[in-house]
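Only one structure is covered here, and it is reproduced in the block below.
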């Protein structure tokens with residue numbers, strides 16, 4: 081199926097796991113210009129090296145994660161599907177104190193571009 085453009089709004093943060101820094105983006109996404117679209121959760125994370133203590137939070141990298149998609153087969157109730165994403169190559173640029181995110185990735189729907 082061909083999907084319309086969507087918007088993602090989230091928070092970029094980090095935590096430490098096994099001596100490595102993990103950057104994580106969590107938030108909500110929804111299709112643009114579609115009244116029937118309700119915001120759904122997403123999460124992308126990137127394992128950064130153990131020397132990342134001095135790296136900025138907005139370090140470019142490869143992110144993996146998932147998002148929830150409410151799907152309604154014809155004539156049936158909506159079902160929540162967890163869609164896995166891998167290899168999302170994200171770059172961050174500071175623009176007037178806000179992060180601009182650009183990237184590409186792939187999930188079961190195919191390749192995608194991310195701009196925001």
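In the working numbering, the protein residues as written are 81 to 196. By construction, the Cβ of each residue, glycine as well, lies at the ideal position given by its N, Cα and C atoms.
- For residue 137, same chain residues with a beta-carbon under 8 Å away, outside a window of 5 residues either side, are 92, 93, 94, 103 in chain order.
- For residue 160, the secondary structure class from DSSP, reduced to helix, strand or coil, is strand.
- Rounded to whole angstroms, the gap between the alpha carbons of residue 152 and residue 158 is 4 Å.
- Rounded to the nearest angstrom, the gap between the Cα atoms of residue 118 and residue 146 is 17 Å.
- Residue 108: member of the beta strand (DSSP E) spanning 100-111, first to last residue.
- Of the candidates 143, 112, 113, 174, the residue whose Cα lies closest to the Cα of residue 127 is 143.
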